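Let me begin by presenting the structure, written as structure tokens, before commenting on it.
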Amino acid sequence: MVADTSYYDALGVPPTATQIEIKKAYRKLAITTHPDKNPGDETAHTRFQAIGEAYQVLSDDELRQRYDKFGKEDAVPGGGFEDPSEFFSMIFGGSAFVDLIGEISLMKDLTTTMDITMQQMEEDELAASAEEKLNIHEQETKTGAAPTEGTTPEGATTEGTTATAAAAAAPQEPEKTPPRRYLGQQAIMDKSEEEARMEAAGLSPEEKELRKKEKKKGGLTKEQQDRLAAYELERKKAREERVNTLATKLVDKISVWTETDKSPDVTHAFEEKIRLEVENLKMESFGLEILHAIGATYVQKSTSFLKSQKFLGISGFFSRLKDKGTLAKETWTTISTAIDAQMTMEEMAKMEERGGEEWTDEKKAEYEKKVTGKILAAAWRGSKFEIQSVLRDVCDQVLGDKSIRLEKRVERAHALVLAGNIYAKAERDPEEEGDYMAFEQLMTEAMQKKGKEEKKKNKHKSKHEDIDEAPVA
């Protein structure tokens, strides 16, 4: 008997519900009760907050125990309740897959690289804009002074005229300083400092010009190149640590089978443990896609290793060749998906700029949905490429560790085949599919439309080729 059932009622589950049932219920309600899905409903935000609060308590074993025993007042998280809208930021699996794939670094790497490479361009544009404004201001000042002198007839030098000219010039003098203080101040200061450093070094005009060319070589300054090189080293180190950590965790996971007698009962228990893990992970955002990517990599690398131990390694050679072909295909798919997303965004921008009667609110909403789906597809392809690249290195480390005897490494490969097949065949039941998998649906719809468009284009092209090749009577 529990002290309070309001959190269970909010999610529509009984007090005996498992963590998987609680997660499924929350994911369904998180979409259906979201304020964006219920325009005009003033209670939507309150209900959305309520299910977020309920899930935060019931998904935490310790908080749930306190809630069941004492009720709401004793089940408040230490840092307070989180904003449930943060749920939508965890697109690719969130933290649930950390032990299997680590943290996806794609967006962090892209953002950091862009920040470094765009910095100089922004500074140059600011400096150029500031200098242009200063030049315009100086020209206006000079032009404004000319008529004052011109109004005095030639040869006239009366005191009044002189006083008038002086009076007109007097207030203009301080006006030259404010723009120099605030228009692109930092950019101009940086430019002046660079000039001063070159002067102090005693560089000739030719050497100064050469230094400027070197600075802009490849569109990057030396400082930017150094920062990029430093970040690349940092990224490489982080990846090595990620691979080492994941390899250790993978060995621990499969040791449940490899360090036993591997009897049918033990094998069944090992497979059931993996299936239970899949039941939980498949409900994460893009959970199925990530599980399939993990499974495909495990099976590919382990079967390649096992084949290399037979027939003098000939089968292993062909497996490795197949792996390279798969990698090349994945690389091309990743690039082409990103290009497709970029082209769709440009197409939408042109249509929006053109406007007109055809660019209705419905058309705009349709394009926004299409663009979002294609951006998600590009982001997923990039993330999948990263996941499988990291896992290939993890498998190489687990199976290629020469300090471990070959027999044990072969056992590890068999364990990876068992686990990989379960991951690769993960499915959701029909009732587990629905609106709460919104991100996957957006991506799937966008990719299906792309496939139909390509088929239509190829069919049209083939038809024209047939007409061109038809013999003339």
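Mapped onto full-length UniProt numbering, the consecutive letters of the sequence shown carry residue numbers 1 to 473. Note that the Cβ used here is the ideal one computed from N, Cα and C, for glycine as well. Since this is a predicted model, take the numbers as computed values, not measurements.
Beta-carbon spacing of residue i, residue j below 8 Å
i    : j    : result
A419 : L291 : no
F305 : L406 : no
S59  : K23  : yes
L442 : K363 : no
T260 : R412 : no
Q397 : V256 : no
L220 : T117 : yes
A30  : V57  : no
R381 : T337 : yes
K249 : D99  : yes
E271 : I422 : yes
I104 : E346 : no
R428 : K282 : yes
CB-CB length for residue i against residue j, believed under 8 Å
i    : j    : result
I294 : L391 : 6 Å
S383 : L106 : 5 Å
A17  : D68  : A17 to D68, Cβ: 12 Å. No contact.
V410 : Q309 : 7 Å
Beta-carbon proximity list for residue i, same chain, < 6 Å, skipping 5 on both sides
i    : result
L246 : G102 and V394
A50  : A10
I20  : E279 and N280
Y367 : M348
G71  : A3 and D4
Own chain partners of residue i with C-beta closer than 7 Å, once the 5 adjacent residues on each side are dropped
i    : result
L54  : Note that residue 54 corresponds to Ala in the displayed sequence, not to Leu. Y7, A10 and L11, listed in sequence order.
A446 : K370, G373, K374 and A377
A296 : A424
T33  : A44, R47, F48 and I51
Y182 : Unreliable positioning characterises Y182 in this predicted model, as indicated by a pLDDT of 41, which lies under 50. The coordinate reading is nonetheless provided below. None.
T5   : P15
R66  : D74 and A75
Y26  : L11, I51 and Y55
Close-in-space but distant-in-sequence residues of the same chain around residue i (CB under 8 Å, 5 per side omitted)
i    : result
E440 : S285, F286, L288 and E289
T112 : Y231
L228 : T113, I116, T117 and L220
K408 : T258
V299 : L416, V417, G420, N421 and A424
R275 : I422
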